[in-house]
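Q: The structure that follows is given in the form of structure tokens.
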Amino acid sequence: MTVGRIRSRTRRVLPLPVGWLTVVWVALWGTLTIANVLTGLVVAVLLQVLLPLPPAPGRLVFRPFGLVRFVVRFALDLVVSSLRVAWQALWPGRLPRSSVVGVALATRSDVLLTLTVLALNVIPGSIVVEIRRGRPTMLFIHALGADTPASVEAARRAVVRLEARVVAAFGTREERAVSTGTSGGGR
Amino acid sequence: MNPLVGGAVIVLLGAAAVLALIRLVRGPSTLDRAVAVDMLLAVVLAAVAAEATLNRHTTTVPVLLALALVGFLGSVSIVRFSAREGD
Amino acid sequence: MRAGEFADAASAVCLLTGCALAFVAGVGLLRFPDTLSRMHTVAKPQVLGLLLVTLGLGLRLRSGIDIGMLVMVAFFQLTTVPVATHLVGHAVYRLPQLPTGDLAIDELGDGADPKR
């Protein structure tokens, strides 16, 4: 994971992105023909050469069990939070007040942070308004309808649990070790 | 498909679009309008998909894909603008 | 034929639920008192509503390549909407006169923000 090794890799054509870019290309054309696959391969390689992405620090590992658990909980959370917002929108009285809550994250990986923030925007009653990098990285979320210290604590715990699920689904072995070690320590 | 379903879809999506338009006119801040525009675009996406469902054709599926891909760019660019004004 | 009828019925249910969620999101957009609360309606019921409408379309079309495209539509929705939500939320919090309504507890503002 040295800087030099990553930098030398930026202009190289990686097989995995070429693969899925080709799949997207064929799906867009709608028919699986040899001509479509060939033009897709050419476009994918050209994209990689002409528009290289900055190297992503950190790696993404797919762990089947954690991934299934993450996806199922994500779908459930999406339904629950939608119904809750719907209920709050249709309830005839005044809305409960909201809060902005800070949460310390255990992970340091950029990729895991991105995934956590993406998923956070759909779990019950939260929108990420600020990310403060550091040790630890702080996330600030807007929690809809959290107006008591107890509900603020509940929102904070929900974020910590979501982060643990993301790490369990996508983290490398070291990151998972860090996650389990610090969540026990009450960080 | 049952014409009642089509009628209900038109009423629901039409009402959603009108509500988003009211928020778009009222504001009060630019960002409120950005949120309302996002909402309006989502209603249009839903309407295109609903029409394809009711009449059972695939002509507009690529339109859905394109809208879903670039839909968020509108509010992102609004945010870029207002952030520069503020700084 | 029976399976087809069943899929059509399920498709109609998905379509109606999705449209109802879009309507509820519109109500929330109009009723909620401040910008950040309004964003919750676009981020949640609206996304679920679009996913349901897309699912309904997939159940109705029932052909491989179209379902592939619809899966991509759903995937792009799920990845792009949170990005826009986060950016708008961040910008709202940085506005000169904070239009966040009355926050019960504001941990970000208490600690570091000199504007409050």
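Chains as they are written, first to last, in the working numbering: chain A, 359 to 545; chain B, 2 to 88; chain C, 34 to 149. We treat Cβ as the ideally placed atom computed from N, Cα and C, and that holds for glycine.
Identify whether Arg-64(C) lies in helix, strand or coil by the three-state DSSP scheme.
A: Locating residue 64(C) in the third sequence gives position 31, where the first residue counts as 1. The answer is helix: DSSP assigns Arg-64(C) an H, G or I state.
Q: May I ask you to report which of helix, strand or coil DSSP gives Leu-497(A)?
A: As a first step, residue 497(A) is located in the first sequence; it is residue number 139 there, counting from the start. Three-state DSSP puts Leu-497(A) in a strand.
Q: Take Gly-7(B) and list the residues in its own chain whose beta-carbon comes closer than 6 Å to its own, dropping the five residues that flank it on each side.
A: Taking the second sequence and counting its residues from 1, one reaches residue 7(B) at position 6. Closer than 6 Å at Cβ, skipping near neighbours: Leu-55.
Q: Quick one: what's Arg-490(A) bridged to in DSSP?
A: By one-based count along the first sequence, residue 490(A) stands at place 132. Paired residue(s): Met-496(A).
Q: Name the chain C residues that come within less than 8 Å of Gly-377(A), Cβ to Cβ?
A: The sequence position of residue 377(A) within the first sequence is 19, counting from 1. Ordered by position in chain C, no residue passes the 8 Å Cβ test against Gly-377(A), which lies about 15 Å from the chain.
Q: Is Ile-392(A) near the ligand HEM, with its Cβ less than 7 Å from a heavy atom?
A: Inclusion of the ligand HEM in the displayed structure is not the case, the ligand content being empty and no account of it being possible.
Q: What do you reckon, are the CB atoms on Leu-497(A) and Gln-446(A) nearer than 8 Å?
A: Within the first sequence, residue 497(A) is the residue found at index 139, counting from 1. Within the first sequence, residue 446(A) is the residue found at index 88, counting from 1. No, these two residues do not count as a Cβ contact at 8 Å.
Q: Counting only beta-carbon atoms, is Phe-39(C) nearer than 8 Å to chain B?
A: Counting from 1 along the third sequence, the entry for residue 39(C) is found at position 6. It does not: the Cβ of Phe-39(C) has no partner Cβ on chain B nearer than 8 Å.
Q: Helix, strand or coil for Gly-539(A)? Go by DSSP, reduced to three states.
A: The residue given as residue 539(A) occupies position 181 in the first sequence. Note that Gly-539(A) has pLDDT 48, beneath the 50 cutoff, so the model's placement of it is unreliable and no number is given.
Q: Residue range of the alpha helix (DSSP H) that Ile-392(A) falls in?
A: Position 34 of the first sequence, counting from 1, holds the residue named residue 392(A). First-last of the alpha helix (DSSP H) with Ile-392(A): 392-408.
Q: The segment 381-404 of chain A: which residues have C-beta closer than 8 Å to a C-beta of chain C, in chain order?
A: Result list: Val-382, Ala-385, Leu-386, Gly-388, Thr-389.
Q: For chain B, check one thing: does any of its Cβ atoms lie closer than 8 Å to the Cβ of Leu-81(C)?
A: Along the third sequence, one-based indexing puts residue 81(C) at 48. Output row for Leu-81(C): interface = no.
Q: Below 8 Å, can you find three or more Cβ-Cβ pairs linking the segment 39-47 of chain C to the segment 64-75 of chain C?
A: Touching, no.
Q: Output yes if chain B places a C-beta closer than 8 Å to the C-beta of Gly-51(C); else output no.
A: Counted from its first residue, the third sequence places residue 51(C) at position 18. Interface residue, yes.
Q: Please check if any C-beta of chain C sits within less than 8 Å of the C-beta of Ser-467(A).
A: Here residue 467(A) corresponds to residue number 109 of the first sequence, with the count starting at 1. Answer no: the Cβ-Cβ gap between Ser-467(A) and chain C never drops below 8 Å.
Q: Kindly indicate the opening and closing residues of the alpha helix (DSSP H) around Asp-39(B).
A: Looking up residue 39(B) in the second sequence gives position 38. Element bounds for Asp-39(B): 31-56.
Q: Using 8 Å as the threshold, is the C-beta distance between Arg-27(B) and Leu-62(C) below it?
A: Here residue 27(B) corresponds to residue number 26 of the second sequence, with the count starting at 1. Here residue 62(C) corresponds to residue number 29 of the third sequence, with the count starting at 1. Against a cut-off of 8 Å, the Cβ pair of Leu-62(C) and Arg-27(B) comes out as no contact.
Q: Report yes or no: do three or more beta-carbon pairs, one from the segment 11-20 of chain B and one from the segment 461-476 of chain A, lie closer than 8 Å?
A: Flag = no, the segment 11-20 of chain B and the segment 461-476 of chain A do not touch.
Q: Using the beta-carbon of each residue, which ones in chain B are nearer than 8 Å to Leu-120(C)?
A: The sequence position of residue 120(C) within the third sequence is 87, counting from 1. Ser-76, Val-77, Val-80, listed in chain order.
Q: On the DSSP bridge list, what partners appear for Ile-485(A)?
A: In the first sequence, residue 485(A) corresponds to position 127, counting from 1. Partner(s): His-500(A).
Q: Secondary structure at Val-480(A), three-state DSSP: helix, strand or coil?
A: Residue numbering aside, residue 480(A) sits at position 122 when the first sequence is read from its first letter. In the structure shown, Val-480(A) sits in coil (DSSP, three-state: anything other than H, G, I, E or B).
Q: Taking its Cβ as the centre, do 16 or more other Cβ atoms sit within 10 Å of Gly-144(C), making it buried, or is it exposed?
A: Locating residue 144(C) in the third sequence gives position 111, where the first residue counts as 1. Residue confidence is low: Gly-144(C) scores 44 on pLDDT, short of 50, so the model does not pin down where it sits. Its coordinate-derived value is still stated next. Classification of Gly-144(C): exposed, given that the 10 Å Cβ count is below 16.
Q: So, with DSSP's three-state summary, where would you put Ser-366(A)?
A: Here residue 366(A) refers to the residue found at position 8 of the first sequence. The pLDDT assigned to Ser-366(A) is 45, lower than 50, so where the model puts this residue is not dependable, and the model offers no usable value.
Q: Cβ closer than 7 Å: which chain B residues qualify as neighbours of Ala-124(C)?
A: Walking along the third sequence from the start, residue 124(C) turns up at place 91. By Cβ distance, chain B contributes Leu-32, Val-80, Ser-83, Ala-84.
Q: Excluding the 5 residues preceding and the 5 following Ser-457(A) in the sequence, name in chain order all residues of the same chain whose CB lies nearer than 6 Å to its CB.
A: Working through the first sequence from its first residue, we reach residue 457(A) at position 99. Ala-501, Ala-504, Val-510, listed in sequence order.
Q: Out of Leu-436(A), Ser-484(A), Phe-420(A), Leu-408(A), which one is the CA nearest neighbour of Ala-526(A)?
A: As a first step, residue 526(A) is located in the first sequence; it is residue number 168 there, counting from the start. Of the candidates Leu-436(A), Ser-484(A), Phe-420(A), Leu-408(A), the one whose C-alpha sits nearest the C-alpha of Ala-526(A) is Phe-420(A).
Q: Could you confirm whether any beta carbon from chain B is found closer than 8 Å to the beta carbon of Gly-101(C)?
A: In the third sequence, counting from the first residue as 1, residue 101(C) sits at position 68. Gly-101(C) does not count as touching chain B.
Q: For the alpha helix (DSSP H) holding Arg-95(C), just list the boundary residues, first then last.
A: Numbered from its first residue, the third sequence carries residue 95(C) at position 62. Arg-95(C) -> no alpha helix (DSSP H), and no H or E assigned at all.
Q: Among Gly-82(C), Ala-107(C), Ile-98(C), Pro-115(C), which residue has its Cα nearest to the Cα of Leu-49(C)?
A: Along the third sequence, read from residue 1 onward, the residue named residue 49(C) stands at position 16. Here the closest residue by C-alpha is Gly-82(C).
Q: Using the Cα positions of Thr-118(C) and Arg-35(C), report the straight-line distance between them to the nearest angstrom.
A: As a first step, residue 118(C) must be located in the third sequence, where it is residue number 85. As a first step, residue 35(C) must be located in the third sequence, where it is residue number 2. Each residue's Cα considered, the two are about 42 Å apart.
Q: Given 8 Å as the limit, is there contact between the segment 488-495 of chain A and the segment 397-409 of chain A, that is, 3 or more CB pairs closer than that?
A: With the cut-off at 8 Å, the segment 488-495 of chain A and the segment 397-409 of chain A do not touch.
Q: Give me, in chain order, the residues of the same chain whose beta-carbon lies closer than 6 Å to that of Phe-428(A); leave out the 5 immediate sequence neighbours on both sides.
A: Indexing the first sequence from 1 puts residue 428(A) at position 70. The answer, listed in chain order, is Arg-523, Ala-527.
Q: Give every residue of the same chain whose Cβ lies closer than 6 Å to the Cβ of Ser-44(C), excluding the five residues on either side of it in the sequence, and list them in chain order.
A: Taking the third sequence and counting its residues from 1, the one referred to as residue 44(C) is at position 11. Cβ neighbours of Ser-44(C) beyond the five flanking positions: Gly-89, Leu-92, Arg-93.
Q: Which word fits Arg-64(C), buried or exposed, when buried means at least 16 other C-beta atoms lie within 10 angstroms of its C-beta?
A: In the third sequence, the residue the question calls residue 64(C) occupies position 31. When all chains shown are included, Arg-64(C) counts as buried.
Q: Buried or exposed: which applies to Thr-68(C), given that a residue is buried once 16 or more other Cβ atoms fall within 10 Å of its Cβ?
A: Here residue 68(C) refers to the residue found at position 35 of the third sequence. Buried, since its Cβ has 16 or more Cβ neighbours within 10 Å.
Q: For Leu-54(C), would you say it is in contact with chain A, using Cβ-to-Cβ distances shorter than 8 Å as the test?
A: Translated into positions along the third sequence, residue 54(C) becomes position 21. So, interface residue.
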